[in-house]
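Chemist:
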Ligand SMILES: [Zn+2]
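Structure, rendered in structure tokens:
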């Protein structure tokens, strides 16, 4: 179980968090169908660093951006989600 | 009867004799005895029968690695099967039974008639499981009878378990000399220390091999160190096993507060989750068996285990002993045996070219050996063998650490770490006690000069037991799963040459001991067959748990009614007055039906549903998910989430709506109401409420962060009831003194002093009103409406009647028709879809979702009841073409009706199909019809 350092709550067990999705799979509602398929279904599930959207669902409920290594689970950074343009 | 107890010595309490039973016969031992030591002292040599071949088996080891002596400890719901006799400390009255034998341990018919042996070669399971159902059907009953471990208890476990979380700076696993020195040094340096020991006593090898440490007997030093750690505020957990090393230095520990099968005074076992700053693994080694024919016979034991029985338990397991091996450990054991008065019948030192070829008898009576070039047979009643020692790398490997081959040990040792783990002591191949103490002390942060000193003579435990020019094909490699050297050879010849394939094909290392004694011997065999170095062949993956773990301790406190919180609705007591049948729905319990005295569920549901159709019915819908959505951009936000139009709703109007997942499948449905220009109420299903909450938050925070909208979950704020039926309007209007809204209209309302909303929505197919009041205002309103309803001849109705009503109307529900695999088109909702701009919209254009062969919603009609969940066939014996998603019966009139998902959907209108449920032995001919069975035009509720 990962130890995730919520910027608002401090280090908490993974059980308090929900993984939402890799950042690259956040798609707008009107993305063309072909792009939707590519980004949701045929994307590269790469070994290595991964930028992900999580939520401290059983804590402060903040949406978080977490940089996690998919092989070692080393977490490089945890930040409160900043809306993109 | 060869084992016996020495008159004195050992770390047992002779002032506390303990009586216990094994297979119904009463034995006695002393406090501090394991089941194995107590039985060996009583001359018992056969402890069980082997898994596949039902061969008689004794004790191989003296601790957690034991593959043979598995027993069921305790009785009834407290019975713990597959408990290692070597890892079970006896208690007064303990009842133990042997396993996998029939009718008795002494006479086992399975072995006598060779039931198992001929048909279980390597790959048997693999070939059977992948060879099609016919092979499995042919062998299943034989396999189930022949191959098995102890039976799982069938009664509820009466014991309690708990979970605890802890943190520490330094977690030390293992309280042998290395672990003690490390924990002592770390706690002296002011670190928060936890020291974990799976035995009942600290000391590790010091309990077996006497040595002076820091000027005192080793076991005294161990006790002193533990006292010091405690006095510095550290924690020492004995009888606690580290079972898993998980991510970010989280370890799981299982603490036994009582022994398996014994009655606890409070908690039986405790699961610790410990997050550690540093983890020191001082977990020692496990001795390996040697490979020779008959190496599994009772009376063949590991060398260090024989010494443990003598030195720790004062039990000599045999009187005439063969000592064989490849390390100095055999010398220590021979000396110990001689001191205890046993006769050394022969020393077989493979380093000098000797070889142990075979053992005979059960229990063992003789061995065939090659000593100094001469083949001979030697009488004996015990064989102590040392095939080398394998460092325990399980936890290190679980933590993602790498391994390196160590020639001296003939095994892998930890190399680089991925987390904060450090392996010390024998597990890191350190040899002498002095080295181990110094290494441990430094690992704990102490100065090398201050390390505890010892007078113990240097002794080498390194060594590997390659027996030259010997190919013992029938030697057992994995004792617990009955895997022989020839099984491994066969697997290799059949092409299973990767170590992972060999494991699965032969089941090597897949038993409850997870190959603690067999992994390295198996690897060596594969390595020889492959003519590749063991380091190249590699090991299989180590996974938690290190030892078998009871389901009880995994569940912890979360068993029975503590498994999930039971949420009661505001109106719970109101329902309770009618003694309803309760049904869990989401987190809540809702009335399923309100049967009268002597009434069945079926009759009650039909009576309640008929009341709705003919007069009126009252039901509690408080558990529906509800969201209050407000702000200048509220409509725009709702159109992102909802696939139907929302923005066009007039104030005071509502509509049916549904939400899609990103992949275009229907996720949930409900109603949306415009209560003001910028104020909406959205409802959705009870069971999906958490998911919808997260979905709305995702849409709000991630997809549309700039919209000026507030989304508030008001599920628990509003209690809600629904009054449905021809008399609903007049009843409500009499109550409020105002005109009730027309269909899909909403109006603010005050009833019995509570202010809320009255929504004219019909789920039942009759004119109906949903009343939303703040939870603390609902009881009075409910009582008033209930009184009016019952006075008019109406009824309260529960979920069962609701189900009959909605099926008759063809309304879908989430989980049945909206199964997560159906699109709006599949469910006949396409006309309500907007063009674009909502979640899931662009996925709907995927070509596969346009196929006319997709399973789509239809209605089914039959003369009798249609079984829910059953498959749909074109004809008997045909391929399934769909399934019954919801089934009911006509409320007025008769006949079975159902909603179904059918390939081709409404293109099959009018077809005659067969609903088949082989498991229930039911077949019903059905007609495909439009999925609305009652008032298709909606005349009953439209204005
Ligand atoms: Zn937080």
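Chains as they are written, first to last, in our numbering: chain A, 4 to 88; chain B, 155 to 1097. We treat Cβ as the ideally placed atom computed from N, Cα and C, and that holds for glycine. Bear in mind the structure is a predicted one, so any value in this text is a computation, not a measurement.
1) Which residues in chain E sit within 8 angstroms of residue 83(A), going by Cβ to Cβ distance?
2) For residue 743(B), report the span of its beta strand (DSSP E) as first-last.
3) Tell me whether the beta-carbon of residue 466(B) lies closer than 8 angstroms to the beta-carbon of residue 361(B).
4) Anything in chain B within Cβ reach of residue 75(A), meaning under 8 angstroms, just list it in chain order.
5) Residue 997(B) and residue 36(A) - do their beta-carbons sit closer together than 8 angstroms?
6) Hey, would you say residue 821(B) sits closer than 8 angstroms to residue 777(B), going by beta carbons?
7) What would DSSP say about residue 270(B), mapped onto helix, strand or coil?
8) Which full runs of the alpha helix (DSSP H) of 4+ residues lie inside the region 466 to 542 of chain B, going along the chain?
9) If we cut at 8 angstroms on Cβ distances, does residue 273(B) have a partner in chain A?
10) Can you name the start and end residues of the alpha helix (DSSP H) that residue 945(B) belongs to?
11) Starting from residue 13(A), trace the beta strand (DSSP E) in both directions and tell me its first and last residue.
12) Report all residues from its chain with a CB closer than 6 angstroms to the CB of residue 862(B); omit the five preceding and five following residues, and keep chain order.
13) Mind pulling the chain B residues with CB within less than 7 angstroms of residue 62(A)?
14) Report the three-state DSSP secondary structure of residue 796(B) (helix, strand or coil).
15) Look at the Cβ atom of residue 240(B), then the Cβ atom of residue 217(B), and state whether they are nearer than 8 angstroms.
16) Should residue 65(A) be listed as close to ligand 1, given that the test is whether its C-beta is under 7 angstroms from any heavy atom?
17) At which residues does the beta strand (DSSP E) containing residue 578(B) begin and terminate?
18) Check whether the region 943 to 953 of chain B and the region 900 to 915 of chain B touch, using three or more Cβ-Cβ pairs below 8 angstroms as the test.
19) Compare the Cα-Cα distances from residue 958(B) to each of 420(B), 757(B), 579(B) and 1056(B) and report the closest residue.
20) Would you call residue 1034(B) buried or exposed, if buried means 16 or more other Cβ atoms sit within 10 Å of its Cβ?
21) Under 8 angstroms Cβ-Cβ, which residues of chain A neighbour residue 992(B)?
22) Check whether the Cβ of residue 11(A) sits closer than 7 angstroms to any heavy atom of ligand 1, and report yes or no.
23) Grouping DSSP H, G and I as helix and E and B as strand, with all else coil, what is residue 660(B)?
24) Within its chain, find whatever has a CB closer than 7 angstroms to the CB of residue 245(B); leave out the 5 residues flanking it on each side and keep chain order.
25) How do the region 455 to 466 of chain B and the region 378 to 398 of chain B stand: do at least 3 beta-carbon pairs fall below 8 angstroms, yes or no?
26) Closer than 8 angstroms is the cut-off here; do at least three beta carbon pairs connect the region 791 to 804 of chain B with the region 833 to 853 of chain B?
27) Using 10 angstroms around the beta-carbon of residue 506(B), count the other beta-carbons present and answer buried if the total reaches 16, otherwise exposed.
28) If I follow the unbroken beta strand (DSSP E) through residue 7(A), where does it start and stop?
29) What are the boundary residues of the alpha helix (DSSP H) that includes residue 963(B)?
30) So, does the CB of residue 995(B) fall closer than 8 angstroms to a CB anywhere in chain A?
31) Check whether the region 796 to 813 of chain B and the region 759 to 766 of chain B are in contact - that is, three or more C-beta pairs closer than 8 angstroms.
32) Which partner residues of residue 32(A) appear in the DSSP bridge assignment?
33) Given 7 angstroms as the limit, tell me if residue 548(B) has its C-beta closer than that to any heavy atom belonging to ligand 1.
34) So the candidates are 318(B), 741(B) and 376(B); which of them puts its Cα closest to the Cα of residue 330(B)?
35) Counting pairs of beta carbons, one from the region 205 to 215 of chain B and one from the region 628 to 638 of chain B, are three or more of them closer than 8 angstroms?
36) Can you check whether the C-beta of residue 270(B) is within less than 8 angstroms of a C-beta belonging to chain A?
Modeler: Quick answer:
1) The question asks about chain E, but that chain is absent: this structure's protein chains are A and B.
2) Taken as a continuous stretch (DSSP letters only), the beta strand (DSSP E) holding residue 743(B) covers 742 to 747.
3) Yes, the pair counts as a contact, with Cβ atoms nearer than the cut-off.
4) Taking a Cβ-Cβ cut-off of 8 angstroms, the neighbours of residue 75(A) in chain B comprise 554 and 572, given in sequence order.
5) Yes, the Cβ-Cβ distance between residue 36(A) and residue 997(B) is below 8 angstroms.
6) Judged by beta-carbon spacing, residue 777(B) lies beyond the 8 angstroms limit of residue 821(B), meaning their Cβ atoms are not closer than that value.
7) Interpretation of residue 270(B) is limited by its pLDDT of 47, a score under 50 that renders its predicted location unreliable; the figure taken from the coordinates is listed afterwards. Coil at residue 270(B), not helix or strand.
8) Entirely contained in the region 466 to 542 of chain B, the alpha helix (DSSP H) runs reaching 4 residues are, in chain order, 483 to 493.
9) Because residue 273(B) sits at a pLDDT of 48, beneath the cut-off of 50, its placement in the model cannot be relied upon, and the following sentence gives the value as read from the coordinates. So no, residue 273(B) is outside the interface.
10) Where residue 945(B) is concerned, the enclosing alpha helix (DSSP H) starts and stops at 932 to 945.
11) Run containing residue 13(A): 13 to 16, per the beta strand (DSSP E) assignment.
12) Closer than 6 angstroms at the Cβ level, and outside the excluded window around residue 862(B), lie 785, 786 and 787.
13) What residue 62(A) touches in chain B: nothing, since even the nearest Cβ is about 14 angstroms away.
14) Strand.
15) Contact flag set, yes.
16) Answer for residue 65(A): yes, Cβ within range of ligand 1.
17) From DSSP, residue 578(B) is part of no beta strand (DSSP E); its letter is neither H nor E.
18) For the pair of segments examined, the region 943 to 953 of chain B was found not to touch the region 900 to 915 of chain B: the number of CB pairs separated by less than 8 angstroms stays below three.
19) For the residues 420(B), 757(B), 579(B) and 1056(B), the minimum Cα distance to residue 958(B) belongs to 757(B).
20) By the C-beta density criterion, residue 1034(B) is exposed, having fewer than 16 other C-beta atoms within 10 angstroms.
21) The answer, in chain order, is 32.
22) Answer for residue 11(A): yes, Cβ within range of ligand 1.
23) Secondary structure of residue 660(B) (DSSP, three-state): helix.
24) If we look at residue 245(B) and ignore the five residues flanking it on each side, its Cβ neighbours are 172, 413 and 416.
25) The answer is no - the region 378 to 398 of chain B does not touch the region 455 to 466 of chain B, with fewer than three Cβ pairs under 8 angstroms.
26) Between the region 791 to 804 of chain B and the region 833 to 853 of chain B there are three or more C-beta pairs closer than 8 angstroms, enough to call the two in contact.
27) By the 10 Å Cβ count, residue 506(B) comes out exposed.
28) Segment 6 to 9, the beta strand (DSSP E) holding residue 7(A).
29) In the DSSP annotation of this structure, the continuous segment of the alpha helix (DSSP H) that includes residue 963(B) starts and ends at 953 to 963.
30) Yes - at least one Cβ of chain A is within 8 angstroms of the one on residue 995(B).
31) Contact fails: fewer than three Cβ-Cβ distances are below 8 angstroms.
32) None, per the DSSP bridge assignment.
33) Annotation for residue 548(B) indicates a beta carbon at 7 angstroms or more from all heavy atoms of ligand 1.
34) Relative to residue 330(B), the option among 318(B), 741(B) and 376(B) whose CA is nearest is 376(B).
35) Taking 8 angstroms as the limit for Cβ pairs, the verdict is that the region 628 to 638 of chain B does touch the region 205 to 215 of chain B.
36) For residue 270(B), the pLDDT reaches just 47, beneath the cut-off of 50, and the residue's location in the model is therefore unreliable, although a value from the coordinates is still provided. With 8 angstroms as the cut-off, residue 270(B) does not count as an interface residue toward chain A.
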